Each structure stands twice: as C-alpha cells, then as structure tokens.
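Heads up: the protein sequence lines correspond to chains A and B, in order.
Reminder that position 22 of the first sequence reads as 22 in our numbering, one-by-one numbering, no gaps.
Each number in our numbering corresponds to the 1-based position in the second sequence with 457 added.
There are 2 protein chains.
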Amino acid sequence: MQKIRSGTLAALLLGSISTPSSLLAAPSSVETIRVTALADTVAMDFTEGLTTEVGPRPAGTPQEARARDWAVAKLKSLGFSNVRVEPYTMPVWLRGRDEARVISPFPQNLVLAALGNSASTPEKGIDGEVVYFPTLADLEAAPEASLKGKIVFVSHAMHATQDGSSYGTFGATRRQGPSIASKKGAIAILIRSIGTDNHRQPHTGVQMWADGVKPIPAAALSVPDAEQLARMVARGQPVRLHLTLTSKMLKDQPSGNVVAEIPGGDPKAGVVVAACHLDSWDQGTGAIDDGAGCGIVAAAALQAAKGGPLRRTILILMAGAEEVGGNGGRAYYDAHGREPHAMAMESDFGADRVWRVDFKLPQNHDALARRIIAGLAPLGIGASRLPAGGGSDIEPLVKAGVPVVDLQQDGTRYFDIHHTPDDTLDKIDPAQLQQNVAAWAVALFEIANAPESLGVN
Amino acid sequence: MQKIRSGTLAALLLGSISTPSSLLAAPSSVETIRVTALADTVAMDFTEGLTTEVGPRPAGTPQEARARDWAVAKLKSLGFSNVRVEPYTMPVWLRGRDEARVISPFPQNLVLAALGNSASTPEKGIDGEVVYFPTLADLEAAPEASLKGKIVFVSHAMHATQDGSSYGTFGATRRQGPSIASKKGAIAILIRSIGTDNHRQPHTGVQMWADGVKPIPAAALSVPDAEQLARMVARGQPVRLHLTLTSKMLKDQPSGNVVAEIPGGDPKAGVVVAACHLDSWDQGTGAIDDGAGCGIVAAAALQAAKGGPLRRTILILMAGAEEVGGNGGRAYYDAHGREPHAMAMESDFGADRVWRVDFKLPQNHDALARRIIAGLAPLGIGASRLPAGGGSDIEPLVKAGVPVVDLQQDGTRYFDIHHTPDDTLDKIDPAQLQQNVAAWAVALFEIANAPESLGVN
Chain A
1 MQKIRSGTLA ALLLGSISTP SSLLAAPSSV ETIRVTALAD TVAMDFTEGL TTEVGPRPAG
61 TPQEARARDW AVAKLKSLGF SNVRVEPYTM PVWLRGRDEA RVISPFPQNL VLAALGNSAS
121 TPEKGIDGEV VYFPTLADLE AAPEASLKGK IVFVSHAMHA TQDGSSYGTF GATRRQGPSI
181 ASKKGAIAIL IRSIGTDNHR QPHTGVQMWA DGVKPIPAAA LSVPDAEQLA RMVARGQPVR
241 LHLTLTSKML KDQPSGNVVA EIPGGDPKAG VVVAACHLDS WDQGTGAIDD GAGCGIVAAA
301 ALQAAKGGPL RRTILILMAG AEEVGGNGGR AYYDAHGREP HAMAMESDFG ADRVWRVDFK
361 LPQNHDALAR RIIAGLAPLG IGASRLPAGG GSDIEPLVKA GVPVVDLQQD GTRYFDIHHT
421 PDDTLDKIDP AQLQQNVAAW AVALFEIANA PESLGVN
Chain B
458 MQKIRSGTLA ALLLGSISTP SSLLAAPSSV ETIRVTALAD TVAMDFTEGL TTEVGPRPAG
518 TPQEARARDW AVAKLKSLGF SNVRVEPYTM PVWLRGRDEA RVISPFPQNL VLAALGNSAS
578 TPEKGIDGEV VYFPTLADLE AAPEASLKGK IVFVSHAMHA TQDGSSYGTF GATRRQGPSI
638 ASKKGAIAIL IRSIGTDNHR QPHTGVQMWA DGVKPIPAAA LSVPDAEQLA RMVARGQPVR
698 LHLTLTSKML KDQPSGNVVA EIPGGDPKAG VVVAACHLDS WDQGTGAIDD GAGCGIVAAA
758 ALQAAKGGPL RRTILILMAG AEEVGGNGGR AYYDAHGREP HAMAMESDFG ADRVWRVDFK
818 LPQNHDALAR RIIAGLAPLG IGASRLPAGG GSDIEPLVKA GVPVVDLQQD GTRYFDIHHT
878 PDDTLDKIDP AQLQQNVAAW AVALFEIANA PESLGVN
C-alpha cells in the first residue's frame with residue numbers, strides 16, 4: 001500500500017497551519033449538489049427494487065443473472081450511457097442443507113450455515129466429537145494430527161468497531177480456520193459466526209482452502225448457538241454432534257459485471273470508477289451488502305452530474321461475484337486495466353453514514369483533498385491521515401496505482417447483519433443512505449471536474 | 458373478573474389520605490430479603506441449566522419429559538419438599554418442514570413458521586395466488602367464499618408496549634385469522650408474525666380452529682418477509698407462492714406438571730401458588746418463555762424462606778403444556794382446585810424488570826396490599842389500580858376466585874423475541890432477572906406470612 005503523502009494536507013489536518021478561507025468555503029455548486037443529494041430518492045428506490053424484485057443473488061447463479069438484467073434496465077431508465085453487461089465465467093459453490101444436532105449429552109438442534117467452498121457431508125450426515133478452541137491461536141497451537149476424526153469448534157471475542165477493523169482480526173477464524181483444522185486431521189469445523197449480534201442468524205462467508213489442503217465441511221454457528229455449544233463443552237462431558245452440510249460445486253457458470261457511464265468531456269483525463277457489487281450472499285436479500293452500495297454510487301453519479309457536464313467520465317462498476325473472491329473486479333481490470341483511470345472508489349460497507357474520508361492521491365494533490373474535505377465537512381465527515389485502500393472490486397486498480405478516495409461508512413452495526421438472512425431492506429435508514437449519496441456526489445463532482453492530472457495510464 | 462376493591466388502597470394510590478409511617482417503612486426482615494435476593498444466583502443458574510441441558514421442550518414431547526426430569530432433580534437439589542411430577546396426557550401437534558417460495562413474479566424464498574395446529578400440506582407442497590389484507594378487519598370484511606383456492610396473507614401494525622397490551626389486540630390475527638380464512642374458502646393463510654422486531658425469525662404460536670372449521674395450513678412470516686411480500690403485492694401483479702408446511706398430530710401423548718413445596722406452618726391457611734411453565738415453543742430454547750419465569754419463582758421462594766419458617770406453604774407449579782392451551786394449569790386445578798389456596802401468582806412474561814404491581818384481593822385486605830407495595834417500592838415498582846388477572850397457568854384458580862397479585866414485567870422488548878428461534882439465554886439481563894427475584898421474594902414473604910385470612914376453600 002502506497003505511503004500517505006505528508007506535507008500540507010497532514011499539517012492542515014493537524015491544524016498547524018492557517019487555512020485560506022477560499023479552501024474551506026465550498027463552491028456554491030458543490031453546496032447545491034450536497035443539499036440536493038440529501039433529498040435523493042434514487043438510492044432507496046434502487047435498493048428497494050433490487051432487493052424486492054430480485055432478492056438473493058449469489059454469484060454465478062440464475063438469480064445473479066436476473067440482477068444483471070434488472071440493473072441494466074434500471075440504469076438505462078435512469079439515463080446512464082453505454083450500459084452493458086461484461087460477462088465472464090467462474091466456478092460456483094451452492095449451498096444445500098445446513099443442519100446440526102447435538103447427539104449427546106444434551107440432544108437439541110443448532111442453527112448454522114455452511115461457509116463458501118465447504119466440502120459436502122454425505123446426505124445422511126456425519127457424527128463426531130467436538131474439540132473446542134476459544135481462539136484461532138488455540139487451534140493453531142494444537143499438535144499436528146491431534147484432531148483426527150474430530151469436529152473442531154472455534155470461538156473468538158469479536159466486538160463491534162466503527163471502522164470495521166475487528167472483521168480483519170477475527171475474520172481470520174473464518175478465512176484460515178478451516179484449512180488449519182483440515183491439516184490437523186479434523187473431519188469438520190464449526191466457527192462462531194464472524195458477527196456482533198445475538199440473533200440466531202448464522203453469518204456465512206467465503207473461505208479458500210490453502211494449497212494442498214483437503215476440503216472438509218465448514219460452517220458458522222449463529223452467535224447464540226455458538227454460546228450454547230460452548231456452555232455444553234464447559235460442563236466437561238464429551239459433546240457429540242451430527243452434522244449435515246450438503247453442497248455442490250459447479251464449473252464454468254456465467255457471471256458478469258454491469259457497467260454504465262456518465263460521459264465526461266475529456267476522455268484523456270481518465271475515468272472515475274465508482275464501484276459496488278451486484279451479487280449477494282444467498283440467505284438475505286443483500287440490502288446492506290451491497291444493494292445499498294449500488295444504489296449510492298448510481299444515485300450519486302446522477303447527483304454529481306446535475307451541476308452540468310463533467311470533465312471526466314464517471315464509470316459505474318456493479319461488479320459480479322465479489323462475495324466469493326472478487327471475480328468481477330478482476331474481470332473488469334483484465335478488460336480495462338490499461339485504459340486511463342483517474343480515480344477508483346467503492347461503496348461496500350452498508351448504508352450507515354459516512355463518518356470519515358481517507359485519501360491515497362498522487363504527490364502534490366493536497367488541493368484536491370482539501371476541496372473534497374471542505375465539501376464533506378457540512379455532512380459531519382472528518383478527514384483522516386490514514387491511507388485509502390479501496391475494496392475488493394477495485395483492488396486490482398488500486399494495486400496498479402490508481403488513486404483512491406475512501407468514504408468510510410459507520411460499521412458499528414454492520415457485522416450484526418453482514419452475510420446473514422437478516423440482510424434485508426428494513427435494515428436501511430433512509431436518512432443515512434441519503435447522507436451517503438450526498439457525500440459521494442460531492443466527492444465525484446470534485447474528482448470528475450478536478451483540473452489536476454490524476455491517475456495512471 | 459372481580460372488581461377492584463375501592464376504599465383506602467385506592468385513596469392511598471391517589472395520595473389523598475395520609476399514610477401511617479409504619480405502613481411505608483418495610484419491616485427489616487423484608488428489607489433483608491430484598492437486599493439478599495438482589496444478589497440471587499439461583500434464578501440464572503436454573504435458567505442457564507434448563508435452556509442449555511434440555512433446550513427446546515415442546516409440550517407433550519420427549520424433550521418436555523426431559524425438562525420434567527431435569528426440574529425434579531434441580532428442585533430437590535435446591536431443598537424443595539414434596540417434589541413430584543403430576544402426569545396427564547394430551548394431543549400433540551408436531552412441526553415438520555416450513556418452506557415458502559415466491560414462484561412469480563419475483564422468485565425467492567420466504568422465511569416462515571407454521572402456527573400450532575396448522576394443517577399439513579402434502580409433502581410436495583401447494584401452489585396458490587396471494588390475496589393480501591392489511592388488517593384482520595379487512596379479512597373479516599371479505600365476502601364469504603371469496604377466497605376459494607387462494608392463499609390469504611394478513612398483516613397488521615403491532616408495535617411494542619410496556620404492558621404487552623398490543624399482543625392482545627394484534628394477536629387476534631394469529632388466533633382468529635386462520636379460522637376466518639378457512640371459512641371463506643382459503644387453501645392456506647400466512648400472517649405477519651405477531652412480533653415487534655425486524656429479524657428473520659418467525660413468531661410461531663398456537664391457534665385453535667373454530668368449531669366446524671376445516672383446518673388449513675397456517676403460518677407466520679418473519680416481519681422482514683412479511684414486508685417483502687407486501688412490497689411484491691403492492692406492485693400490482695399476481696403473486697404466486699409455493700408452500701410446504703408439513704406437520705402431524707399425535708393423540709394421547711404424556712405431559713405433566715412439576716410441583717414442589719416449601720411447607721408452611723399452618724396448612725389451613727391455604728397454599729400460595731407461584732407458577733410458571735416448563736414447556737416452550739420448539740424453535741428457541743425457551744429462555745424468556747418461560748425458563749426465566751421458573752427460575753424466578755423457584756429462586757424467590759427460597760429467598761422468601763430465608764427469613765425463617767413461613768405461615769403458608771409456597772407451592773411451585775412448573776406447568777406443562779402452557780403454550781398449546783394451558784393443559785398443565787387445568788390439570789393442576791382438576792387435581793387440587795378444591796384444596797385451600799390463599800393466593801395465585803405467575804411469572805410468564807420474560808425476564809425484564811418488574812415495573813408495576815396489580816392486585817385482586819378480597820375486600821378489606823388493603824393492609825396486605827400496602828405492605829407489599831412498601832416492600833416493592835425500593836425496587837422501583839409502582840402500584841396500579843388495575844385488577845390483577847394472572848396468566849394461563851393459574852387461570853382456573855383465578856376463575857374460581859383465588860386472590861391474585863401480578864408482578865408486571867416490562868414487555869417493551871418481549872415481543873421482539875417471543876415464540877421465535879431467538880428465545881435464547883443471551884436475551885436475559887442478569888440484573889433485571891435478580892430484580893424479579895427480589896420483587897417475588899418480597900411478595901411471597903408478605904403473602905405467605907400474612908396474618909389475614911386469604912383465599913377460597
């Protein structure tokens with residue numbers, strides 16, 4: 001990750017230099033865009049439509065194809081140009097039955113959901129004794145081959161964070177736990193959901209098997225079920241489970257990105273990519289992840305363009321197959337990575353308010369950052385000195401050096417809902433969604449019209 | 458329901474008479490009981506044990522039988538006397554598969570749970586077009602036979618209330634809706650869950666078919682799913698569903714009450730019944746409904762007895778089969794209704810704090826009410842002038858004229874969880890549970906030791 005540029009912007013953030021008033025007073029057109037965007041209805045309409053009329057849209061499935069058709073029609077009706085699907089193919093993991101039952105000593109069912117790429121049990125399920133690890137580190141410390149024939153159960157102590165950083169730390173249990181358990185001989189692994197709620201809604205999510213590791217059945221218990229199982233284990237008697245996690249893998253299934261544009265007047269200035277993802281996990285309707293993100297970027301591009309013709313093209317990338325490995329983002333980069341890109345941005349962290357802006361800009365672009373900061377301040381958004389990093393849909397662009405601005409959303413309640421059946425429209429607060437649109441509209445307006453030279457290629 | 462006695466108590470509540478200070482200063486033994494009970498650990502231990510080691514315990518099932526065995530052992534270990542099971546038999550409805558899928562125009566699954574006594578669909582399910590009614594009154598207004606071949610969907614606008622009164626009003630959709638829909642020719646009925654949350658956790662519950670009505674498949678959609686279906690209907694195209702609700706009815710299954718006592722010194726003074734129910738719905742572990750109630754009454758009886766021998770016997774009634782129609786309460790009354798009962802009380806409204814006390818006492822027992830009010834006031838509990846009504850486990854006793862005191866619990870979040878998979882231990886706040894124990898201990902102490910003559914028979 002590129003180092004944050006030092007100099008005047010950092011000093012400005014620290015308040016150690018005086019700021020010309022012209023930089024803090026947003027131009028009236030930005031103010032108009034911001035105020036107008038705060039009354040936006042497109043983002044909610046988009047999110048309501050996608051989640052109601054398509055609903056769940058797992059990567060590489062017919063539902064995702066319906067989402068592409070839906071989005072193409074919607075974006076055309078909203079007036080976007082060059083609306084198209086850019087197809088690719090991919091392997092697809094499909095959930096089957098997810099069932100768990102404590103056989104002894106306290107017979108009862110547990111609620112869980114298989115993780116992406118889980119191996120399937122036989123139809124009749126498997127039995128095994130539970131071996132409990134309070135943390136991933138405890139699992140890592142177990143001797144090699146010590147878990148032969150066992151069902152591993154790993155917990156953790158994730159709590160909510162505004163910046164979502166606890167997902168990075170505790171999500172390792174989902175990302176790495178299955179491969180570690182398999183290497184040590186386990187016949188299956190259950191993890192406490194990577195979530196911060198206390199509802200019986202398991203948090204699924206993808207995990208990739210490490211090279212050479214044999215896939216085993218892998219699932220997340222809902223948080224209350226994980227606590228229940230931990231209480232049983234704590235009583236000291238052997239706990240035996242019956243586990244049925246049927247799933248299947250399909251090769252070469254169709255997926256694709258939906259791309260739409262608001263053309264700018266200066267093609268050589270590079271496009272501004274505003275990304276989200278169209279696919280969702282299979283159990284919810286993908287409202288906060290990431291229907292809202294697609295609603296935000298589409299609405300904000302339209303709001304930004306209300307100020308008149310833009311210098312740069314805003315390109316809406318509604319990526320496919322983000323949840324299972326970022327296939328859509330890679331396909332976009334493979335097709336377009338060598339074209340001029342001025343900036344890449346992504347909205348994929350729910351629908352709660354933007355609270356902070358992070359930058360990764362070329363050297364000597366502090367003036368642009370200052371204009372964006374000034375435009376966002378009336379929305380209650382502060383600036384950080386942390387480098388922007390983008391998200392998985394724009395990761396290949398970011399790695400190639402395209403500048404990034406991150407409009408960081410409040411993640412305090414994001415992991416209550418993330419990847420669960422509970423990811424539904426009712427979780428979206430319309431006023432916070434509108435604040436997102438306003439923040440994005442301001443940023444896109446400033447970036448698309450920036451007189452500075454930006455980007456790569 | 459007996460009219461509330463007027464006179465001095467009512468005047469006291471209105472503050473219109475002066476109160477002898479001796480009545481407001483609780484005796485030191487009550488204060489000791491209250492303070493000690495606020496540190497109670499028995500109620501949480503009981504609730505944790507029952508919900509973990511037995512888990513779900515539907516009426517008339519082997520799991521309920523395990524709950525009786527568990528409770529007998531626990532109550533004996535706590536030092537109760539005359540601990541026994543009083544068996545009876547009953548018909549049992551058993552849930553099968555609960556599945557719903559929108560066939561058109563927006564194919565996707567919906568989350569729902571069959572209601573108690575629902576008819577079963579064939580294994581392969583049924584198809585039908587949805588007819589939507591925003592309220593039960595709208596369904597009632599539909600012409601006879603107008604719903605032939607249709608799947609009825611009824612919504613409502615229930616919101617949380619502290620006293621739970623919205624359940625009475627809006628619960629009619631669950632209690633009466635299925636019979637009304639069947640009479641008008643519907644092939645199935647779906648209702649919006651009688652709940653105040655927005656999670657994908659359907660609220661089940663019992664409903665009884667009216668005389669002569671043909672049972673049809675009947676289920677509750679989770680609140681987000683009900684809102685999703687309403688949005689689909691609002692788009693104006695016919696909405697078709699595929700519905701699979703398999704269930705079965707069994708005759709003459711064993712159930713029973715668990716009864717335990719703390720013997721008092723004066724058998725002729727009548728027993729004080731402290732009731733709860735041991736059964737739960739099948740999807741959760743019955744923590745707030747009603748494991749906590751059983752923990753509260755057991756713990757409180759022990760706390761009340763810490764003050765020394767009691768005049769009256771406290772009888773703990775852990776009723777079976779409350780959820781499906783109050784079978785346990787009736788069986789208790791059939792066996793014991795003619796024995797002397799001084800008072801009946803019940804804890805069956807979750808584990809949140811007691812906020813109000815209601816009375817239904819014989820005439821001229823204001824002094825007892827005043828002692829109870831004084832003992833509860835330091836716990837933040839106010840007195841009402843509403844008549845106490847008890848709950849279904851003591852309903853036959855109350856109808857027979859046994860006096861009642863209701864320690865009303867805060868129901869603001871009760872119907873977020875009630876009858877859902879989410880009814881699990883983590884929903885219980887230990888401090889509020891302890892406040893319940895303290896309130897109950899104070900009331901039981903005052904009632905069991907009251908020098909007044911109380912009760913019937």
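Each residue gets a CB set at the ideal place from its N, CA and C atoms; glycine is no exception.
All values reported here derive from a predicted model rather than from experimental measurement.
Looking at chain A, is there any beta carbon in it that lies within less than 8 Å of the beta carbon of residue i?
i, result
"residue 657 of chain B", "yes"
"residue 610 of chain B", "no"
"residue 684 of chain B", "yes"
"residue 418 of chain B", "Because residue 418 of chain B is not part of the residues shown, which for chain B are 458 to 914, the question remains open."
"residue 653 of chain B", "no"
"residue 694 of chain B", "no"
"residue 886 of chain B", "no"
"residue 512 of chain B", "yes"
"residue 688 of chain B", "yes"
"residue 865 of chain B", "no"
"residue 560 of chain B", "no"
"residue 872 of chain B", "no"
"residue 476 of chain B", "With a pLDDT of 43 at residue 476 of chain B, under the threshold of 50, the modelled position of this residue cannot be trusted, and the question is left open."
Can you give me the C-alpha to C-alpha distance between residue i and residue j, rounded to a whole angstrom?
i, j, result
"residue 693 of chain B", "residue 679 of chain B", "22 Å"
"residue 482 of chain B", "residue 832 of chain B", "Residue placement at residue 482 of chain B is poorly supported in this model, since its pLDDT is 47, which falls under 50; the coordinates still yield a value, given next. Distance between the alpha carbons of residue 482 of chain B and residue 832 of chain B: 8 Å."
"residue 63 of chain A", "residue 54 of chain A", "7 Å"
"residue 454 of chain A", "residue 349 of chain A", "26 Å"
"residue 847 of chain B", "residue 627 of chain B", "20 Å"
"residue 583 of chain B", "residue 149 of chain A", "42 Å"
"residue 47 of chain A", "residue 288 of chain A", "9 Å"
"residue 347 of chain A", "residue 84 of chain A", "20 Å"
"residue 861 of chain B", "residue 801 of chain B", "5 Å"
"residue 905 of chain B", "residue 105 of chain A", "39 Å"
"residue 77 of chain A", "residue 269 of chain A", "27 Å"
"residue 421 of chain A", "residue 276 of chain A", "20 Å"
As a quick exercise: from the options, pick the residue whose alpha carbon is nearest that of residue i.
i, options, result
"residue 351 of chain A", "A:39, A:81, A:267 and A:429", "A:429"
"residue 850 of chain B", "B:541, B:778, B:525 and B:681", "B:778"
"residue 689 of chain B", "A:438, A:33, A:50 and A:417", "A:50"
"residue 161 of chain A", "A:155, A:450, A:382 and A:355", "A:355"
"residue 875 of chain B", "B:817, B:740 and B:814", "B:740"
"residue 70 of chain A", "A:294, A:439, A:397 and A:113", "A:294"
"residue 687 of chain B", "B:863, B:598 and B:588", "B:588"
"residue 115 of chain A", "A:202, A:361 and A:182", "A:202"
With DSSP run on the structure shown, which of helix, strand or coil describes residue i?
i, result
"residue 428 of chain A", "coil"
"residue 499 of chain B", "helix"
"residue 717 of chain B", "strand"
"residue 639 of chain B", "helix"
"residue 82 of chain A", "strand"
"residue 444 of chain A", "helix"
"residue 615 of chain B", "coil"
"residue 796 of chain B", "coil"
Answer yes or no: does any C-beta atom of chain B fall closer than 8 Å to that of residue i?
i, result
"residue 111 of chain A", "yes"
"residue 303 of chain A", "no"
"residue 224 of chain A", "yes"
"residue 432 of chain A", "no"
"residue 421 of chain A", "yes"
From what residue to what residue does the beta strand (DSSP E) around residue i run?
i, result
"residue 144 of chain A", "No beta strand (DSSP E) contains residue 144 of chain A, which DSSP labels as neither H nor E."
"residue 833 of chain B", "Taken as a continuous stretch (DSSP letters only), residue 833 of chain B belongs to no beta strand (DSSP E), being part of the alpha helix (DSSP H) at 823-833."
"residue 588 of chain B", "583-590"
What first and last residue would you give for the alpha helix (DSSP H) that runs through residue i?
i, result
"residue 531 of chain B", "519-534"
"residue 166 of chain A", "165-170"
"residue 315 of chain A", "From DSSP, residue 315 of chain A is part of no alpha helix (DSSP H) but of the beta strand (DSSP E) over 314-319."
"residue 752 of chain B", "749-762"
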